[in-house]
Structures are given as C-alpha cells and as structure tokens.
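Take any residue in the sequence shown, note its place counting from 1, add 1, and you have its number in the working numbering.
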Amino acid sequence: MNASPQELQLDVLQQFRVIYGSMRHYFRELEQRCGLPGSQTWVLQEVTRTPEIGVGELARRMGIHQSTCSSLVEKLVGRGLLSKQKHSVDQRRVGLCVTAAGRDVMQRLPGPADGVLPQALASMPLVSLKTLKINLDELLLFIPGEQDGFATTPLAEMVGE
C-alpha cells in the first residue's frame, strides 16, 4: 500500500519527534545521574579519553566553537572536575586532566556523554549514513532562516538540558 504525500510527511515528522524526544529523555537522565549537563559530561568524557588535550583540539573533536568549549572547561575547572596542567611533553602548552571528582561523575554516566544520536549514527552502515546526509542536506534547503550557528552547538544544549 502506497502512502499519500501527507501520510508520508506525517510519518517523517513523527520520526523526528521520536529522535528529539529520545535525546531529551536521555540528557535528562544523564543530568539526574551525574549532576551535570550533557555538554559538560561530554567534555569530561573527551578529556578522559585523551588526557592533556588542549581546548582547541577538544573543541575540534566536539565540533563546537572554541569559545563555547572554553566556557564549558572553565565551568568544570570551577567545580573541581577538571584541572589545567602544563603538558608533560611540551611545557609551553596547557593540557586538561580529569580530577578524582570528575572520574566519579564519569562512573555515573548512563551511556555515552555525547548522547544517543551520535552513538546511533556511528552504528549505521556507511552507505546508510551517506544517504541520510544527502537527504538531510536536501531537507535543509527547504528550512528558512540562518542555521549555521546550530551546527556548532552541542545537542544537549539544544534539547533543553
């Protein structure tokens, strides 16, 4: 049975609602368990993976603006969850390290700190991921307004931590 264009549009809209709702639910659970917003736990996760990482590299890995990353880092340093230290190899550089309190927070994570959507995308077959990108690029052509700023905003902040 072929769906009408209106039925197909509604089906796709409902799929977006499921994706958005799943992200909101996950980030709420993450914040309840860890006591931190998802964007901050993501920073902790990345620093745990790569001790002594610099803010510039951290921002690049997270796909966010360096000023946004710096703000997240400062909040975590202020809470005693991250520390800044001279890099062990290059003393001119400052690297980030997770403190014991930060490791305690990481133990309480219900899953990936960056959320369920990046994990789902990483699990998809490459051909499906490429097809999805092409189709989403097409969809974005029909959405009015300036959208560039959203691309570098962590999902956890967008779904209303």
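The beta-carbon is built from N, C-alpha and C at its ideal position, and this holds for glycine as well.
All values derive from a computational prediction rather than experimental measurement.
According to DSSP, is VAL99 helix, strand or coil?
strand
Return the Cβ separation of VAL160 and MET63 in integer angstroms, given the expectation that the two are a contact with Cβ distance under 8 Å.
The pair is not a contact, with the Cβ atoms about 16 Å apart (cut-off 8 Å).
Please tell me whether LEU97 and ILE65 are closer than 7 Å, where the distance is taken between their beta carbons.
no
Consult DSSP for LEU83 and reduce its assignment to one of helix, strand or coil.
strand
GLY36 beta carbon near the ligand MG (any heavy atom closer than 6 Å)
As for the ligand MG, it is missing from this structure, which has no ligand bound.
Determine the direct distance from the alpha carbon of ARG50 to that of GLY112, and round the result to whole angstroms.
15 Å
Span separating the alpha-carbon of SER84 from that of VAL78
6 Å
For ILE54, which beta-bridge partners are listed by DSSP?
LEU97
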